[in-house]
Each structure stands twice: as C-alpha cells, then as structure tokens.
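The structure appears below as structure tokens.
Protein chains: 2
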Amino acid sequence: MQQDGDRLRWGVLRRLEFIDFRLFWDGRFNRSDLAETFGISTQQASADIAQYEKIAPANLAYDRADKAYKRTVQFVPAFIGKTIERYLLQIVAVENRWMRHEDTWFEAIPPVEVVTLGRRSTDPTVLLRVLDAVRNRLEIDVEYASLTGSIRQSRTIAPHAIAHSAGRWYLRSWSREHNDFRDYNLSRINEVSEWRRSTVDPALDFEWIHKINLVIVPNPELSPERQAAIAAEYAMENGNLVRPCRLSLSFYLMTQHNLDVEPGKLKPEKQQIVLQNMEEVFQAKAAARQMSIEALARAKGNQG
Amino acid sequence: MQQDGDRLRWGVLRRLEFIDFRLFWDGRFNRSDLAETFGISTQQASADIAQYEKIAPANLAYDRADKAYKRTVQFVPAFIGKTIERYLLQIVAVENRWMRHEDTWFEAIPPVEVVTLGRRSTDPTVLLRVLDAVRNRLEIDVEYASLTGSIRQSRTIAPHAIAHSAGRWYLRSWSREHNDFRDYNLSRINEVSEWRRSTVDPALDFEWIHKINLVIVPNPELSPERQAAIAAEYAMENGNLVRPCRLSLSFYLMTQHNLDVEPGKLKPEKQQIVLQNMEEVFQAKAAARQMSIEALARAKGNQG
DNA sequence: ATATCGCGTCAAGTAATTGGACGCGATATC
DNA sequence: GATATCGCGTCCAATTACTTGACGCGATAT
Chain A
1 MQQDGDRLRW GVLRRLEFID FRLFWDGRFN RSDLAETFGI STQQASADIA QYEKIAPANL
61 AYDRADKAYK RTVQFVPAFI GKTIERYLLQ IVAVENRWMR HEDTWFEAIP PVEVVTLGRR
121 STDPTVLLRV LDAVRNRLEI DVEYASLTGS IRQSRTIAPH AIAHSAGRWY LRSWSREHND
181 FRDYNLSRIN EVSEWRRSTV DPALDFEWIH KINLVIVPNP ELSPERQAAI AAEYAMENGN
241 LVRPCRLSLS FYLMTQHNLD VEPGKLKPEK QQIVLQNMEE VFQAKAAARQ MSIEALARAK
301 GNQG
Chain B
1 MQQDGDRLRW GVLRRLEFID FRLFWDGRFN RSDLAETFGI STQQASADIA QYEKIAPANL
61 AYDRADKAYK RTVQFVPAFI GKTIERYLLQ IVAVENRWMR HEDTWFEAIP PVEVVTLGRR
121 STDPTVLLRV LDAVRNRLEI DVEYASLTGS IRQSRTIAPH AIAHSAGRWY LRSWSREHND
181 FRDYNLSRIN EVSEWRRSTV DPALDFEWIH KINLVIVPNP ELSPERQAAI AAEYAMENGN
241 LVRPCRLSLS FYLMTQHNLD VEPGKLKPEK QQIVLQNMEE VFQAKAAARQ MSIEALARAK
301 GNQG
C-alpha cells in the first residue's frame, strides 16, 4: 500500500482519500458523489472505486438496494489516518462560518453544536502584512482600535510572533511608544500603513523567550474521585501536569482555566485545576520583563 | 475567471490555489515547491504558473536574484478566498499535533504559539460508532471511564447530537439507567460494544430543542471605555449581544466566560461580560428538564 | 572564467480521463 | 405484472494532461 501510495498521482490519491473519508463519516458514498466532488466522469469514478477496493477490499461493500457503497464493520481507515481531530475542527470552522460547507468533504455536517461567542474575524490584508513584518523583521505603523472603539490610534510596532489563546489572536511586538515588548490583539488592528526595517532585536524579548514549567494539579478541594478523573483527562503523570510555557503567555493559560483566581473564591467545579507554582511564575515573569526593559534602554543608548 | 474556474480540472484548480496560498502566507514560492508538493514535473509546474499568471497577472513577479516568484504589493487572493481563518486553524491543529505539517501547504509554519492544555484525543473508532448511532438512531452500550478512572462502567445510551465547547466534545444522549437526557464527555468513552435500534424519541429532549436568548452585556463594573471596547469586540448592538443557545448548552457557554459566577467574586477583568437574564435561563432550563423527564416516563408507561 | 542552479520551452511519448454505447439488477409507477 | 427509471460496471476509441528528454538563458557561487 505504501508503494502504491507513492506511485499514485496526487489527484488519484486525494480521491481515494475522499472515499475513505466518506466511509468514515457517513458510512456510505456514491459513485456520483465522487464524480461531482472532483468533476470527473462516472467511468473514472468507477475506476477509482475499483482501485480503492484493491487496496482495502474489506472496507466497503456495494448495497444494491441502497444504491451506495457502504462501510463494513471491519472498516479501518486506509488513507485519512488516525488523527481525525482535524475534521472535527473543520466542523467547528463551518459552524463559525470560517469555512464553507462546500470546501469540506462532508456531505451532511454531523449534528454538531459549537458553543462559542463569535468574535470579529481577522482581516486577511492585515494578517498578510503582519506576517510579512514578522518574517522580515519589519517595523510597521498600525491603526489600533482604541478602547473607546471610536478614536483610531496610530502605533508603531515591530511584531515578532503570533499567539493564539481561547479564540483570540495576539501579536507579540516591540512598541516604539513604550520601548518595550507587549501583546496586541490582532482583531483590533484595522490597518497596516507604513513598513521599514526594524532595528530592535526580538531576542531581547525575554518574557517571550524564557519558558517556565507550569505545575498543574487537580483542585485539592474536589473529591478524590473527581481529582483522579481530571488527572486522567489531562493525562497527568504522578498526579501533576508539567506544561512548559513562555512567560508572556503564561497569563493567558492561567486565565483560560481560572488558574489566576485565589483559591476559595470560586466553586471547585469551576476551578478544576490549580497552579502549584504561581508565585514562581509571577516572579520569573516580572524579572524577565525588567531585563527586557533594561536591555532595550541600553540598546537605545548605544544607538543614539 | 469564474468561467475559467469552472472549466479547470479539480487538480489544476488545487495547484493554482496552492500558488495563491503560498503567495499569501510566505510571499514567495518556487517552481519546484509546486512540483514537489503535487508530484508533478517541473514542466507541468511551469505551465500551471503560466496559467495563474494569466488569471491574476498583478499578483506575482519572478525575482531572478532570489530565484523565486514573489508577491506584489497589489496582491489580492484569487483562489483561497476571504476567510483565511481556516488556515490559522490549521496552524493550531499542527501545534496540537492533530495534523501533520506535511498535510498542510505551509512551508514554514509561522511562529505561532498555541496556548492550551492538551487533552487526550478522541479515539477514531469510538467517534465512528458514535456518529453512526446519532445518524441511525441507535442505542449503544459504551464503556464510560468512571470518575476514579480505574473502574470501567458500562452504560447504555442513545446519543442524538454532538456539541463542542472549550476544547471538549460532548455527546447529548438519552440514558437508559436514568431514563433522561444528559451529556457524556466524548473523551471518556473508551469503547462502543453493542448497538440496536433506539426506541426513544430525541424530540423529547426539550433541554436540547428549546433555545433561549442569552442577553450578554459588558461588565458594568468596568470603565466605560473598556466596556465600549468589549462591545466592539463581540460586535454588540445597542450595547448588548443576544446569543440564541440551546438550554442544555447554555451552561457551557456560561462556564467558558465565567458568566455563572456571582458578580463581585472575580475581578472585572476576569469577567469582562455578564449575563443579564441568568434567572430566566435557569428557570427555563429547569422547566424543560422536568418536561422531558415526564414525557419520557409517560412514553415508557405506554410502551411497557 | 567556469560550474551550478532554477527557470522556460520545444517535441515526442505515455498515462489519465472522457464520451458514447450497452447490459444488469433493484426500486418505483401505473 | 409489465414498464420506466436509476445507479452501477465495462468495453471502446478519442482527447487531454502530464512526463521524459533535450536545449538555451541569466544570475549567483567557486
């Protein structure tokens, strides 16, 4: 199968993958499904099906009554692989209108409800300019939606990385106004106007570069059974989860899971996990921040 | 271009899309990139590039010095469309190891950090059986990881929908043990053994079917500026956001955003939005639950 | 100066795909 | 219970997509 996979043309491979996909998700497919999805003739579709049958004969059987190929109980995906999470994500993307149903291979989107509050989506042009700036070490002028939302402020930033947390996209950047590194909410950037080479070394962003191990344990106020379940869900070893994390991002992770709330304020169910080394994280973050500010000031001094 | 798009073969269209993609994300691409990604000859790749140039001549220019095609400033995506969020999601998927880098079109994954605590991923076979059960109205026996994580419990459920919230997947199901509808965490289902036709009508799951409008406003304890910014971020109209939501899912949405925490317990920054009609939601949910339980009991009485 | 690399292109050959035609079996229609 | 319909499979010649091989061109590296 591996050899077969290598010598098959890219297009044919995709079509076999499609067969695999539909068998997995719908349990059935038609010759015409294949023909319509890829814009090929029925003859070619028949040939493709025959080829799939040669590779994985036990996976499907034609049901004359239903006029469709159906998945057998022995079915094992031969092409789409073991990580099906990506397709689940497609469903989420369709529900959020990030992706069109036609751009997926789903015939019927499974009855999946996505529980989220939709936010404004990112402007492609902004994203494009921002990515360029990151890649080519540029300093850019951006129009940043002020807190009031009405007045538009111009900022000069030199972004060097992007981060994603809880549905929000952040831009890690040096700020000319403050001469330090901070996070900008990508969806609040409306326009990128000018760009020029940046003179700031992103290696000075110690809050970004330095990582710390977050030591996470189930909330001890929960019953032992519940704690064990949570340990299993997060695949904890020895009762704790050690998650390396950039210092500047640690707060987002903490916010996401209510790790930054003092114990006792929330019901334990709302705070299923807690952070053991919070103090250490706080101190490390503050120290790194200080280091960056001083290094940037020194660099500016040398330059001017 | 539309006509061109229709008459182009599926494979060619994908390759033009690839050119568009690379121009967007990397700002550049090679003939050999195209050839290697799709397993075609360099000649064919040249032909494809020529075709793309015919369709969108202003989008790219060959840079002899760099030996690469480069994006021009006038670049406007001609194939990949306006919703680029789907590709951002791919990056998240790669970072979370749900997807392989090779299965995307990214040459270099942009320096994106994904802030999340990875959870155990879903077993494809379980997902497959569960989807079948939903689609064909089956009752299935599942092995559900008990709270202790060690003892395995068998449950008989008839699932009828799937929900996704904050990285977790839930299965909305009727439960034989309790004769009511409840949620099962998909990642805690280890195995699906037997299946048979279900006799329970999912239309009786009123907590699922009935929707309620969640009325969400910025936390009034925040400064007016901050409130305005949050209103903008969530695209609120008249200062509030009305989000229709299935009753059974309303709690997940509330949990995600700390809407279910009494005011004053958390710092306002950790509770940027609040729910105005919490009492109404609670009552509606309880009423629907009661209705379901009674309807199910009646149905059982008629049956037995 | 010379080698190397990526590009473009011409020409001939091969593989993929189409269009047309036919038969087969299961369901729906009257 | 005859008849139409639909989706499938398959044979054929014709067409299109793609490959293999060969050559020249310009920019960079040695």
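Protein chains in written order, with full-length UniProt numbering: chain A, 1 to 304; chain B, 1 to 304. Note that beta-carbon positions come from the ideal geometry of N, C-alpha and C, so glycine has one too. Every value quoted in this text rests on a predicted model; they were computed, and no experiment measured them.
Using a CB distance cut-off of 7 angstroms, F29 of chain A does not count as an interface residue toward chain B. For M278 of chain A, no CB of chain B lies under 7 angstroms from its own CB, so it is not counted at the interface with that chain.
At least one CB of chain A lies nearer than 7 angstroms to the CB of G39 of chain B. Within chain A, not a single residue places a beta-carbon under 8 angstroms from that of A58 of chain B; the smallest gap is close to 15 angstroms. Contact with chain A is absent for W195 of chain B, since none of that chain's Cβ atoms lies less than 7 angstroms from the residue's Cβ.
Listed along the chain, the chain A residues whose CB falls inside 9 angstroms of the CB of W98 of chain B are T83, I84, E85, R86, L88 and L89.
Under DSSP, L171 of chain A takes part in a beta bridge, and its partners are A:I162 and A:Y184.
Boundaries of the beta strand (DSSP E) around P244 of chain B: L241 to R246.
Leaving aside the five residues that flank I91 of chain B on each side, the residues in its chain whose CB is nearer than 7 angstroms to its CB run, in chain order, I109, P110 and V112. The residue from A:R168, A:H257 and A:K270 with its alpha-carbon nearest to that of I216 of chain A is A:H257. Under the 10 Å beta carbon count, V94 of chain A is surrounded by 16 or more other beta carbons and is classified as buried. Approximately 17 angstroms separates the beta-carbon atoms of F24 of chain A and P57 of chain A; this is outside 8 angstroms, ruling out the contact. From the beta-carbon of A93 of chain A, the residues of chain B found nearer than 8 angstroms are E85, R86 and L89. Fully contained in the stretch 5-55 of chain A are the following alpha helix (DSSP H) runs of length 4 or more, in chain order: 10-25, 31-38 and 42-55.
With respect to the 7 angstroms criterion, E139 of chain A and A158 of chain A are classified as neighbours on the basis of their beta carbons.
When DSSP reads this structure, V192 of chain B sits in a beta bridge with B:V142. For L60 of chain B, the enclosing beta strand (DSSP E) covers residues L60 to D63. By the Cβ test, the stretch 267-277 of chain B is in contact with the stretch 221-239 of chain B, since at least three Cβ pairs between them sit closer than 8 angstroms.
Membership of R71 of chain A in any alpha helix (DSSP H) is not indicated; the residue belongs instead to the beta strand (DSSP E) covering A68 to R71. Neighbours of D132 of chain A in chain B, taken as residues whose beta carbon is under 9 angstroms from its own, are G27 and R71 in chain order. If you look at E85 of chain A, you'll find it in the alpha helix (DSSP H) that goes E85 to E95. In this model, T42 of chain A and W10 of chain B are separated by some 15 angstroms (Cα to Cα). Three or more beta-carbon pairs separated by less than 8 angstroms are not found between the stretch 47-62 of chain B and the stretch 35-50 of chain A, which leaves the two stretches without contact. Secondary structure note for L275 of chain B: its beta strand (DSSP E) is the uninterrupted segment I273 to L275.
At least 7 angstroms separates the CB of I49 of chain B from every CB of chain A. Looking at B:D26, B:G27 and B:L34, the one whose alpha-carbon comes closest to that of L13 of chain B is B:L34.
Contacts between P244 of chain B and chain A, judged by CB atoms closer than 8 angstroms, are missing: the closest CB pair is about 11 angstroms apart. Using a Cβ-Cβ cut-off of 7 angstroms, A287 of chain A does not count as an interface residue toward chain B, since no Cβ of chain B sits closer than that to its own. Within the DSSP secondary-structure output, K211 of chain A pairs in a beta bridge with A:R246. The alpha-carbon of R289 of chain B is positioned some 29 angstroms away from that of K265 of chain A. Annotation: V261 of chain A is outside any alpha helix (DSSP H) and is labelled neither H nor E by DSSP. Judged by their CB atoms, V200 of chain B and W169 of chain B are not nearer to each other than the 7 angstroms cut-off. Ranking A:I209, A:A232 and A:F79 by CA distance to the CA of S250 of chain A puts A:I209 first. The C-alpha of R196 of chain B lies about 50 angstroms from the C-alpha of P268 of chain B.
The Cβ-Cβ distance between D20 of chain B and F75 of chain B does not fall below 7 angstroms.
Classified as exposed, N302 of chain A has fewer than 16 neighbouring CB atoms from the shown chains inside 10 Å of its CB.
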